[in-house]
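Visitor: Sharing a structure below in structure tokens format, with a few things to ask.
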Amino acid sequence: MLFTDPLIIDLAAVLAPPSAVHWLGADDLGRDVLARVVAGVGASLTVGFGVLLLTALVGIPLGLAAGWWGGWVERVAGKVSEVVLSFPGLLLALALTALLGPSLLNVVVALGLLGWVGFYRLTRVQVQRLRGLAFVRAAELAGVGTVRIWLRHILPNCAGPLQVEALLMVAGAMVAEAGLSFLGLGIPAPYPSLGGMLRDGMRFMLVAPWLVVIPAVVLIGLTVLVNLAAKVLRQRWDNAMQGGR
Amino acid sequence: MFNIIVRRLLAMVPTALLVVVAVFLLIHAVPGDPIDALLGERASVADREALRVALGLHLPLGEQLLRFLGGLVQGDWGTSLVSQKPVLGLLLERLPATCLLALGAMAVALSGGLLLGLLGSGRWRRGVDNLTLVLAVVPSFVWGPLLVLVFAVGLGWLPVSGMSGLLSGILPSVTLGVGMAAVLARMLAESLQHEQQADYLRTLLAKGGSGARGLWRHALPNALLPTVQLLFLQLGMVLTGAVLTEAVFGWPGVGNLLVEALHQRDYPVIQGCLLLISLIYMVCVLLADVVSAWLDPRVRGQ
Numbered sequence: 001m002l003f004t005d006p007l008i009i010d011l012a013a014v015l016a017p018p019s020a021v022h023w024l025g026a027d028d029l030g031r032d033v034l035a036r037v038v039a040g041v042g043a044s045l046t047v048g049f050g051v052l053l054l055t056a057l058v059g060i061p062l063g064l065a066a067g068w069w070g071g072w073v074e075r076v077a078g079k080v081s082e083v084v085l086s087f088p089g090l091l092l093a094l095a096l097t098a099l100l101g102p103s104l105l106n107v108v109v110a111l112g113l114l115g116w117v118g119f120y121r122l123t124r125v126q127v128q129r130l131r132g133l134a135f136v137r138a139a140e141l142a143g144v145g146t147v148r149i150w151l152r153h154i155l156p157n158c159a160g161p162l163q164v165e166a167l168l169m170v171a172g173a174m175v176a177e178a179g180l181s182f183l184g185l186g187i188p189a190p191y192p193s194l195g196g197m198l199r200d201g202m203r204f205m206l207v208a209p210w211l212v213v214i215p216a217v218v219l220i221g222l223t224v225l226v227n228l229a230a231k232v233l234r235q236r237w238d239n240a241m242q243g244g245r
Numbered sequence: 001m002f003n004i005i006v007r008r009l010l011a012m013v014p015t016a017l018l019v020v021v022a023v024f025l026l027i028h029a030v031p032g033d034p035i036d037a038l039l040g041e042r043a044s045v046a047d048r049e050a051l052r053v054a055l056g057l058h059l060p061l062g063e064q065l066l067r068f069l070g071g072l073v074q075g076d077w078g079t080s081l082v083s084q085k086p087v088l089g090l091l092l093e094r095l096p097a098t099c100l101l102a103l104g105a106m107a108v109a110l111s112g113g114l115l116l117g118l119l120g121s122g123r124w125r126r127g128v129d130n131l132t133l134v135l136a137v138v139p140s141f142v143w144g145p146l147l148v149l150v151f152a153v154g155l156g157w158l159p160v161s162g163m164s165g166l167l168s169g170i171l172p173s174v175t176l177g178v179g180m181a182a183v184l185a186r187m188l189a190e191s192l193q194h195e196q197q198a199d200y201l202r203t204l205l206a207k208g209g210s211g212a213r214g215l216w217r218h219a220l221p222n223a224l225l226p227t228v229q230l231l232f233l234q235l236g237m238v239l240t241g242a243v244l245t246e247a248v249f250g251w252p253g254v255g256n257l258l259v260e261a262l263h264q265r266d267y268p269v270i271q272g273c274l275l276l277i278s279l280i281y282m283v284c285v286l287l288a289d290v291v292s293a294w295l296d297p298r299v300r301g302q
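These protein sequences, in sequence, are chains A and B.
Under the working numbering, the residue at position 236 of the first sequence is numbered 236, and the numbers go up by one with no gaps.
Under the working numbering, the residue at position 294 of the second sequence is numbered 294, and the numbers go up by one with no gaps.
Encoded structure:
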């Protein structure tokens, strides 16, 4: 049941309400809503973790370099991130995906191009905080290599904030993807996305309200879940820091 | 105070210039040819070249940029490829509707934020905290359709979409404002809780002052400082949020203009919308700084 093809059209079931055959009903083309929701959540998570991977791979090394050495890396990356931040977030992603052509990959690329700033700034501040501490200086004086210090001493000590940022990044990317798809500029039809289902569902609100309610409820659940996880993680890290002192 | 404003304005100039250049490069350097979008891929080479020259796209990128900057200064923001109207005119035509929506949303945000923030620092702390968390993280375009379903389709109290009269503005304003209200409320509740533990308030209570007076006269004004700053930052974000809200309700504002232009690949209009929205955003960030300096002598001293 869960593994029905979300693209299969069943003309007999057009706008069918939830039933034994189609557990969550069918949309205006007779496609199974449950299958589309499952595939849409999949696409959403793919975008979320794709963006996370991209932004972490760019932002964290840049932040390490800028926080550790300062100099031109810090100046250039700082200016670029300032310009990125002076745009209101979603707007650039919107323009980028639309101009590159809507596709899952382009959504990830567009969101990644903006999101690395968060990781960069967080990592840089953390590195600057740790850089002056005795154990880092001691490692340096003992002749430990820079990369080894980063991996063994710096990163484990900012793991908590980075994990929280990672979860918030996933949540933000999923919301952004849904927004782009809602505008028809994200994941292109006929591939299912929660935002796209919501927009398509709005045309049939009078006859098939579940086409709006189901993707909306799933979206609410998904974003609240990821954000709650981030909140729990932050509290746990804060407690650990206080307990250690 | 005057010095602060001038200094911040001057500091904004290079960033604003970079933003303008970034928008220009975004439009011109991203793959995808406006000529293809206009004529289709089967047009003859001669026609394509003629149009390219007519639009000035045959010039080197640097020269195009200079022309674009010159035009901006003179109030010439380019001409729409689709409707052949000047971009600045199109923007000004759509701006009032968006401003109206932003105003409505701010009203919802401010009243909702104050109410929930005060409740959230009092007895119902936990419940309000959970409620505002959900309201703050779930995006507006999810609430919009649900609100339409309940109040327009179900109860029939309000119109489904479009802009006609006062009633039609209620749902869009609530949709756009509810998330901001929640964020404001969280901020206010947190700083109120912080203030309530402060020494000055404990002194007041120890001297026999009333809790209500302590809240209204002392804790609230102090707690409002960060909240007011946040409010202005949100005012800047309102226009981005408006893109989605306008799409939900078919509201004839700048956001819908942008989405239409993106679908039609109307490059000059996209460029104009991006510029307008990001410049307004930058001004709001500036205002947030100035207002917090005005309200808080500690910031002013820096």
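Glycine is no exception: its CB is placed at the ideal position from the N, C-alpha and C atoms.
Nothing here was measured: the structure is a model prediction, and the numbers come from that model.
Select from A/His22, A/His153, A/Ala43 the residue whose C-alpha is nearest the C-alpha of A/Leu34.
Guide: Ranking the options by Cα distance to A/Leu34, first place goes to A/His22.
Visitor: Skipping 5 residues on each side, what residues in its chain have a beta carbon closer than 6 Å to that of B/Phe68?
Guide: Phe24, listed in sequence order.
Visitor: Can you find a C-beta in chain A that's less than 8 Å from the C-beta of B/Met163?
Guide: No, because no Cβ of chain A sits closer than 8 Å to the Cβ of B/Met163.
Visitor: Please classify B/Asp226: does DSSP put it in a helix, a strand, or coil?
Guide: The sequence shown places Pro at residue 226 of chain B, rather than the Asp named in the question. B/Pro226 falls in the helix class under three-state DSSP.
Visitor: Where do the ends of the alpha helix (DSSP H) carrying B/Ile280 lie?
Guide: That run of the alpha helix (DSSP H) goes 267-295.
Visitor: Closer than 7 Å by C-beta to A/Ala229: which residues in its own chain qualify, once you throw out the five before and the five after it? Chain order, please.
Guide: So the list reads Leu167, once near-sequence residues are dropped.
Visitor: Return yes when the Cβ of B/Gly177 is within less than 8 Å of the Cβ of B/Met106, no when it is not.
Guide: Yes, these two residues count as a Cβ contact at 8 Å.
Visitor: Looking only at C-alpha atoms, which of A/Val51, A/Arg75, A/Gly50 sits nearest to A/Leu62?
Guide: The option with the nearest alpha carbon to A/Leu62 is A/Arg75.
Visitor: Listed from N- to C-terminal order along the chain, which residues in the region 164-185 of chain A have their beta-carbon within a distance smaller than 8 Å of any beta-carbon of chain B?
Guide: From the region 164-185 of chain A, only Ala171, Val175, Ala178, Gly179, Phe182, Leu183, Gly184, Leu185 have a Cβ closer than 8 Å to chain B.
Visitor: Which chain A residues sit within Cβ distance under 7 Å of B/Met1?
Guide: Those within 7 Å of B/Met1 in chain A number zero; the least Cβ separation is about 24 Å.
Visitor: Start and end of the alpha helix (DSSP H) containing B/Asp129?
Guide: Unbroken alpha helix (DSSP H) run through B/Asp129: 125-137.
Visitor: Determine the DSSP secondary structure at B/Ala54, reduced to helix, strand or coil.
Guide: Here B/Ala54 sits in helix by DSSP.
Visitor: Assuming B/Val248 and B/Phe141 are in contact, meaning their beta carbons sit under 8 Å apart, how far apart are those beta carbons, in whole angstroms?
Guide: About 6 Å separates the two Cβ atoms, so the contact holds.
Visitor: Helix, strand or coil for A/Asp32, going by three-state DSSP, please let me know.
Guide: In the structure shown, A/Asp32 sits in a strand (DSSP, three-state: E or B).
Visitor: Out of B/Asn222, B/Leu100, B/Leu55, B/Leu39, point me to the one whose CA is closest to B/Glu190's CA.
Guide: Residue B/Asn222 is the option with its Cα nearest to B/Glu190.
Visitor: What are the residues that DSSP puts in a beta bridge with A/Ala26?
Guide: Answer is A/Asp32, bridged to A/Ala26.
Visitor: Among residues of its own chain, excluding the 5 on either side of A/Leu233, which ones have a beta-carbon nearer than 6 Å to its beta-carbon?
Guide: Excluding residues within five positions, the ones whose Cβ falls inside 6 Å are Gln163, Val164.
Visitor: Using a Cβ-Cβ cut-off of less than 9 Å, give me the residues of the region 240-252 of chain B that come near chain A, in sequence order.
Guide: Those residues of the region 240-252 of chain B that come within reach of chain A (Cβ to Cβ, closer than 9 Å) are Thr240, Gly241, Val243, Leu244, Ala247, Val248.
Visitor: Can you confirm whether B/Ile270, when its beta carbon is compared against all beta carbons of chain A, has any partner nearer than 8 Å?
Guide: With 8 Å as the cut-off, B/Ile270 counts as an interface residue toward chain A.
Visitor: Quick one: Cα of A/Met1 to Cα of A/Gly201, how far?
Guide: Confidence at A/Met1 is low in this model, with a pLDDT of 47, below 50, so its placement is unreliable and no value can be given for it.
Visitor: Excluding sequence positions up to five away, which residues of its chain have a Cβ less than 6 Å from the Cβ of A/Gly67?
Guide: Hits under 6 Å: Arg124, Val127, Gln128.
Visitor: How many angstroms separate the CA atom of B/Asp76 from the CA atom of B/Val87?
Guide: Roughly 8 Å between the two C-alpha positions.
Visitor: From which residue to which residue does the alpha helix (DSSP H) around A/Pro161 run?
Guide: Here the alpha helix (DSSP H) through A/Pro161 covers 159-182.
Visitor: How about B/Ala22: is its C-beta nearer than 8 Å to some C-beta of chain A?
Guide: Yes, contact with chain A.
Visitor: Counting only C-beta atoms, is B/Met237 closer than 8 Å to chain A at any point?
Guide: B/Met237 counts as touching chain A.
Visitor: Let me see if you follow: with CB-CB separation under 8 Å, is B/Val290 close to chain A or not?
Guide: So, not an interface residue.
Visitor: What residues from chain C crowd round B/His194, counting only those whose CB sits closer than 7 Å?
Guide: Given the protein chain composition of this structure (A and B), no chain C is represented.
Visitor: Out of A/Gly132, A/Val175, A/Gly172, which has the shortest C-alpha to C-alpha gap to A/Ile154?
Guide: Cα-wise, what sits closest to A/Ile154 is A/Gly132.
Visitor: How would you label B/Tyr200, buried or exposed, when you count the other beta carbons within 10 angstroms and need 16 or more for buried?
Guide: The residue is exposed, with fewer than 16 neighbouring Cβ atoms inside 10 Å.
Visitor: What's the gap between the Cα of B/Ile259 and the Cα of A/Ala93?
Guide: The amino acid at residue 259 of chain B is misidentified as Ile; the sequence shows Val. Straight-line Cα distance between these residues: approximately 13 Å.
Visitor: Kindly indicate which residue of A/Met241, A/Val14, A/Leu53 has the alpha-carbon position closest to the one of A/Pro156.
Guide: Answer by Cα proximity: A/Met241.
Visitor: Could you pull out every unbroken alpha helix (DSSP H) segment of at least 4 residues lying fully inside the region 45-101 of chain A, listed in chain order?
Guide: If we require 4 residues or more, the alpha helix (DSSP H) runs fully inside the region 45-101 of chain A come out as 71-85, 89-100.
Visitor: Can you give the Cα-Cα distance for A/Pro17 and B/Ala97, rounded to whole angstroms?
Guide: Between A/Pro17 and B/Ala97, the C-alpha separation is close to 38 Å.
Visitor: For A/Leu85, collect the residues of the same chain with a Cβ closer than 8 Å to its Cβ; drop the 5 residues on either side in sequence, then sort them by chain order.
Guide: Closer than 8 Å at Cβ, skipping near neighbours: Val117.
Visitor: With a Cβ-Cβ cutoff of 8 Å, do A/Val224 and B/Val183 count as a contact?
Guide: Contact flag unset, no.
Visitor: Let me know the secondary structure DSSP gives B/Thr79 once reduced to three states.
Guide: Residue state, collapsed to three classes: strand.
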